[in-house]
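The structure under discussion appears below in the form of structure tokens.
Number of protein chains: 2
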Amino acid sequence: MTGCTFGIGQGYCASRRTKSFADELAQLTEAWRQVVRRTRNYMDVAIEMAKTAASLGEVPVGAVIVAADGRIAARAHNRVRTLKDPTAHAEMLAIREACRASSSERLVEHSIYVTLEPCAMCASAISQARLKRLYFAAHDPKSGAVEHGPRVFAHSQCHFRPEVYGGIGEREAAAILRAFFVARR
Amino acid sequence: MTGCTFGIGQGYCASRRTKSFADELAQLTEAWRQVVRRTRNYMDVAIEMAKTAASLGEVPVGAVIVAADGRIAARAHNRVRTLKDPTAHAEMLAIREACRASSSERLVEHSIYVTLEPCAMCASAISQARLKRLYFAAHDPKSGAVEHGPRVFAHSQCHFRPEVYGGIGEREAAAILRAFFVARR
Chain L
1 MTGCTFGIGQ GYCASRRTKS FADELAQLTE AWRQVVRRTR NYMDVAIEMA KTAASLGEVP
61 VGAVIVAADG RIAARAHNRV RTLKDPTAHA EMLAIREACR ASSSERLVEH SIYVTLEPCA
121 MCASAISQAR LKRLYFAAHD PKSGAVEHGP RVFAHSQCHF RPEVYGGIGE REAAAILRAF
181 FVARR
Chain R
186 MTGCTFGIGQ GYCASRRTKS FADELAQLTE AWRQVVRRTR NYMDVAIEMA KTAASLGEVP
246 VGAVIVAADG RIAARAHNRV RTLKDPTAHA EMLAIREACR ASSSERLVEH SIYVTLEPCA
306 MCASAISQAR LKRLYFAAHD PKSGAVEHGP RVFAHSQCHF RPEVYGGIGE REAAAILRAF
366 FVARR
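Protein sequence lines, in the order shown, are assigned to chains L and R. Its first residue numbered 1, the first sequence is counted upward by one per residue in our numbering. Its first residue numbered 186, the second sequence is counted upward by one per residue in our numbering.
Now the structure itself:
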């Protein structure tokens, strides 16, 4: 027993709690802002890669892989036509580059940022590489396989599911894709 | 009018037809035997690749790509560990090799023979490469994505569907996989 009446004690605790909640909320808000800013910065790098792809006549999709310490481990854009390789999607090239750099076939604790919802090939490769998080910009009802069609991560045949965050930088990434396809018509 | 009564004409035609049917049936049966023999021969090459993979400590899966004229355009086995590349499945390596050889990102009129039902990554790559036919040996309820789970070819997000023939050489391919995993336990 502290000598306080139950009522006073409760009031005191509530006021301390209120102050602590306000501080924590401010800290969380700031931390969240930083996460959003960082996420957007990485996606901007991926968007730059997509623009480079477009300038080379490749479907404008870019990808960036980020290590746990925030270092960019790989960046790539679609190069199907240039390499004459149907598997040369941005995600695949970035995964292979990051694995080469880390001498490992698993990218544990790494995140991938892509400007378009991955197709089944890339979604499955992301899972096989054990990438922890997938951030993608534009949703792709036509060929996407994360939130559409095969929904690769949603089946028991997928043995590792990354966290998935879609729609970051969607407007810009979608505009680049739209402009590319309009120009080709 | 040929001067034959309707009955005689019909009988005559029927007898000619019977003979023709017997010939055609024999020819078709022989053609079918040849197709089965050739298919099995190509699958045997893929099975040899799978055995090589096992001897290197890789999951024993092999793949062979065959051009329209029957020439083997590429053969590969799983090399995920050797190359430290999560995308280095037999099918992916064979597709990339065949595309390199033909200087094209599309393998139109080509067929692929694989010892195991492809995963989502490989199934999608087979579609993107426009491979006309997929022959696979062992069904894979655990990771397969053609007849299991994501069923990659079954959705509108898949823009090209190969013909699919499963179960050719299944017993032998499955035995090699089983022996590999038993030995690793």
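We treat Cβ as the ideally placed atom computed from N, Cα and C, and that holds for glycine. This structure is a prediction, so every number in the text was calculated from the model and none was measured.
Open item on the list: Rounded to whole angstroms, what is the Cα-Cα separation between Arg-106 of chain L and His-295 of chain R?
Closed with: Against the first sequence, residue 106 of chain L aligns to sequence position 106. Against the second sequence, residue 295 of chain R aligns to sequence position 110. Approximately 32 Å, taken between the alpha carbons.
Original post:
In whole angstroms, what separates the C-alpha of Phe-206 of chain R from that of Val-349 of chain R?
Top reply: In the second sequence, counting from the first residue as 1, residue 206 of chain R sits at position 21. In the second sequence, counting from the first residue as 1, residue 349 of chain R sits at position 164. Each residue's Cα considered, the two are about 29 Å apart.
Inset, instruction - Return the first residue and the last residue of the alpha helix (DSSP H) that Ile-176 of chain L is part of. - result: Looking up residue 176 of chain L in the first sequence gives position 176. Here the alpha helix (DSSP H) through Ile-176 of chain L covers 170 to 184.
Discussion item. Since Glu-170 of chain L and His-139 of chain L should fall inside the 8 Å C-beta cutoff, what is the C-beta to C-beta distance between them, to a whole number of angstroms?
Written reply: Indexing the first sequence from 1 puts residue 170 of chain L at position 170. Indexing the first sequence from 1 puts residue 139 of chain L at position 139. 7 Å between Cβ atoms; contact.
Any Cβ of chain R within less than 9 Å of the Cβ of Lys-132 of chain L? Taking the first residue of the first sequence as position 1, residue 132 of chain L is located at position 132. So, not an interface residue.
For the beta strand (DSSP E) holding Arg-318 of chain R, just list the boundary residues, first then last.
-> If you number the second sequence from 1, residue 318 of chain R lands on position 133. Element bounds for Arg-318 of chain R: 318 to 323.
Are the C-beta atoms of Ile-176 of chain L and some chain R residue less than 9 Å apart?
-> Position 176 of the first sequence, counting from 1, holds the residue named residue 176 of chain L. It does not: the Cβ of Ile-176 of chain L has no partner Cβ on chain R nearer than 9 Å.
Open item on the list: Whole angstroms are fine: how far does the CA of Asp-208 of chain R sit from the CA of Ile-193 of chain R?
Closed with: Here residue 193 of chain R refers to the residue found at position 8 of the second sequence. Here residue 208 of chain R refers to the residue found at position 23 of the second sequence. Interpretation of Ile-193 of chain R is limited by its pLDDT of 43, a score under 50 that renders its predicted location unreliable; no figure is taken from the coordinates.
Checklist entry - According to the neighbour-count rule (16 or more other Cβ atoms, all chains shown, within 10 Å of its Cβ), is Pro-141 of chain L buried or exposed? => result Mapped onto the first sequence, residue 141 of chain L falls at position 141. Counting the other CB atoms within 10 Å of its CB gives Pro-141 of chain L a total below 16, which places it among the exposed residues.
Outcome for Ser-156 of chain L when other beta-carbon atoms lying within 10 angstroms are tallied against a minimum of 16:
The residue given as residue 156 of chain L occupies position 156 in the first sequence. By the neighbour-count rule (16 or more Cβ atoms within 10 Å), Ser-156 of chain L is not buried but exposed.
Residues of chain L with CB under 7 Å from Gly-247 of chain R, in chain order? Within the second sequence, numbered from 1, the residue matching residue 247 of chain R stands at position 62. By Cβ distance, chain L contributes nothing, its closest Cβ being about 18 Å from Gly-247 of chain R, past 7 Å.
Mind reading off the beta-carbon distance from Ala-322 of chain R to Met-228 of chain R? Whole number of angstroms is fine, and I expect it under 8 Å. Position 137 of the second sequence, counted from the first residue, corresponds to residue 322 of chain R. Position 43 of the second sequence, counted from the first residue, corresponds to residue 228 of chain R. So it is a contact: roughly 6 Å between Cβ atoms.
Checklist entry - What residues of chain C sit near Ile-95 of chain L, judged by a beta carbon separation below 7 Å? => result Of the protein chains in this structure, namely L and R, none is chain C.
- Query: Listing by chain order, which chain L residues have their CB less than 7 Å from the CB of His-340 of chain R?
  - Reply: Here residue 340 of chain R is taken as the residue at index 155 of the second sequence, counted from 1. Per Cβ cutoff of 7 Å: Gly-149 and Pro-150.
- request: Jot down the residue ranges of each uninterrupted beta strand (DSSP E) in the region 21 to 77 of chain L, minimum 3 residues, whole runs only, in chain order.
  value: 62 to 66 and 72 to 77
Given Ile-168 of chain L, which residues of its chain have a CB within under 7 Å of its CB, disregarding the five upstream and five downstream residues? The sequence position of residue 168 of chain L within the first sequence is 168, counting from 1. Thr-39, Arg-40, Met-43, Tyr-135 and Ala-137.
Original post:
Buried or exposed: which applies to Gln-313 of chain R, given that a residue is buried once 16 or more other Cβ atoms fall within 10 Å of its Cβ?
Top reply: In the second sequence, residue 313 of chain R corresponds to position 128, counting from 1. Buried, because 16 or more other Cβ atoms sit within 10 Å of the Cβ of Gln-313 of chain R.
Review point. Can you find a C-beta in chain R that's less than 9 Å from the C-beta of Arg-38 of chain L?
Key: Taking the first residue of the first sequence as 1, we reach residue 38 of chain L at position 38. By this cut-off, Arg-38 of chain L is not an interface position.
* Using a Cβ-Cβ distance under 9 Å, would Leu-268 of chain R count as near chain L? -> Locating residue 268 of chain R in the second sequence gives position 83, where the first residue counts as 1. Cβ-Cβ to chain L under 9 Å: yes for Leu-268 of chain R.
- prompt: When the Cα atoms are used, what is the spatial distance from Cys-307 of chain R to Met-121 of chain L?
  reply: By one-based count along the second sequence, residue 307 of chain R stands at place 122. By one-based count along the first sequence, residue 121 of chain L stands at place 121. Distance between the alpha carbons of Cys-307 of chain R and Met-121 of chain L: 7 Å.
Using a C-beta cutoff of 9 Å, does His-295 of chain R count as contacting chain L? Looking up residue 295 of chain R in the second sequence gives position 110. The beta carbon of His-295 of chain R sits no closer than 9 Å to any beta carbon of chain L.
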